[in-house]
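**Q** Below is one structure. I have some questions about it.
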Amino acid sequence: MKRIAIFASGSGSNAQKIIEHFTDKSDIEVSLVLSNNNDAYVLERASTLNVPVYVFDRQIFYKSNQVHDILRDTGVDFIVLAGFLWLVPNNILRGWQGRIINIHPALLPKFGGKGMYGDKVHQAVIEAGEKETGISIHYVNEKYDEGEIIFQYRFNILAGDTPESIAERIHQLEHKHYPEVVERLVRELGGGGNREQGIRNKE
Ligand code: GAR
């Protein structure tokens, strides 16, 4: 069994699509949903779908090993960020190197970086007079939105488009492509557990 953890800060529509995508698969599951936001709707979505949730604060995330240890003890092989707003700390980046991905609602490397989230991104794209936008799925490193790009899908911006209308098309594309890309990458991991899991098993 390959185990996925999803980090999300808000609504969690992508998290829900990913959880649902794997519910009928016997060899891959979403084992845990984590959030920095106690009020995030993603927590309700996960609970409804019977996925355990874990909420942490800034202190726990950046100044302790708690989140790292929960991921390790759950046997997590792969980490998916889906509308998660904080940088991932080094202990987790090291433990799951090349196994953490994020989705961004624009064509990176443009319109990424700190504070570029949700409708702010679409507003910036419109103000810049871009002819097209889209979604980017990329590996996560220690900087916002700068890891290697894995997948992009683009579409034309139409006259009269608003941040809301763009957000709607972005979400449709994300819901279609993110679960498929996650599945492909998890299958490419091949056999064996994650490195942390291996260390734990030797203890
Ligand atoms: C998604 O559109 C995702 O691309 C974006 O947040 C939204 C979360 O929606 N992420 C970022 O902007 C990251 N910088 P959801 O909570 O409904 O899945």
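For the sequence shown, position 52 matches number 54 in the numbering used here, and the numbering has no gaps at all.
C-beta atoms are modelled at their ideal positions from N, C-alpha and C, and glycine is treated no differently.
#1: Taking C-alpha atoms, which residue in Tyr155, Leu51, His106 lies nearest to Val82?
#2: Which one or two residues does DSSP pair with Thr135 in a beta bridge?
#3: Grab me the residues of Ile94's own chain with a C-beta within less than 8 Å of its C-beta, minus the 5 sequence neighbours each way, in chain order.
#4: How big is the Cα-Cα spacing for Tyr56 and Ile30?
#5: For Asn16, is the beta carbon positioned less than 8 Å from some heavy atom of ligand 1?
#6: Assuming the contact rule is C-beta atoms closer than 8 Å, Gly12 and Val44 should be a hit. Round their C-beta distance to whole Å, please.
#7: State the DSSP-derived secondary structure class of Lys116, mapped to helix, strand or coil.
#8: Would you say Ala7 touches ligand 1, meaning its beta carbon is less than 8 Å from a heavy atom?
#9: Mind checking whether the beta-carbon of Pro107 lies closer than 8 Å to any heavy atom of ligand 1?
#10: May I ask which residues mark the beginning and end of the beta strand (DSSP E) holding Val32?
#11: Using CA coordinates, which residue listed in Gly97, Phe113, Ala84 is at the minimum distance from Asn104?
#12: So Ala7 packs on Val78, CB below 8 Å; how close in whole Å?
#13: With a threshold of 16 other CB atoms inside 10 Å of the CB of Ala130, please say whether the residue is buried or exposed.
#14: Give me the Cα-Cα distance between Glu170 and Ser66, rounded to the nearest whole angstrom.
#15: If you check the beta carbons only, do Leu109 and Gly149 fall under 9 Å apart?
#16: Can you tell me which of the three DSSP states Phe86 falls into?
#17: Buried or exposed for Ile201, going by 16 or more other Cβ atoms inside 10 Å?
#18: What number of angstroms, rounded off, separates the C-alpha of Gly100 from the C-alpha of Ile152?
#19: In the DSSP output, which residue or residues are listed as bridge partners for Asn104?
#20: Sort out for me which residues DSSP pairs Tyr56 with in a bridge.
**A** Well, looking at it:
#1: His106
#2: Phe157
#3: Taken in chain order, the residues that qualify are Val69, His70, Leu73, Ile81, Ile102.
#4: 20 Å
#5: yes
#6: About 7 Å separates the two Cβ atoms, so the contact holds.
#7: Reduced to three states, the DSSP call for Lys116 is coil.
#8: no
#9: yes
#10: Start and end: 30-37.
#11: Ala84
#12: 4 Å
#13: exposed
#14: Going by the C-alpha atoms only, they are around 38 Å apart.
#15: no
#16: When DSSP states are grouped into helix, strand and coil, Phe86 belongs to the coil group.
#17: With a pLDDT of 37 at Ile201, under the threshold of 50, the predicted position of this residue should be treated as unreliable, though the coordinate-derived value follows. Label assigned to Ile201: exposed.
#18: Using only the alpha carbons, I get a separation of about 11 Å.
#19: Leu83, His140
#20: Leu36
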